[in-house]
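Residue numbers (the working numbering): 22 to 93.
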């Protein structure tokens, strides 16, 4: 894992994932808001290999939305 750390507010949850980014997409919604979608693909531990001996992965779908227009 990298050497950088981010301080988190008290009471907040911190999740650190190591994996690869896949399926990145950006869309501007009719409201003018922007949505970015992406998938983080995380390999499971070698002991969790499937019957074929291949490494199993978990794919975690994520979305981030941002308001681009000013509120009236």
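From the three backbone atoms N, C-alpha and C, an ideal C-beta is built for every residue, glycine too.
By a beta-carbon distance limit of 8 Å, residue 81 contacts residue 63. Their separation comes to about 7 Å. Collapsing the DSSP output to three states places residue 87 in a strand. For residue 65, the three-state secondary structure derived from DSSP is coil. Annotation: residue 44 to residue 51 spans about 22 Å, alpha carbon to alpha carbon.
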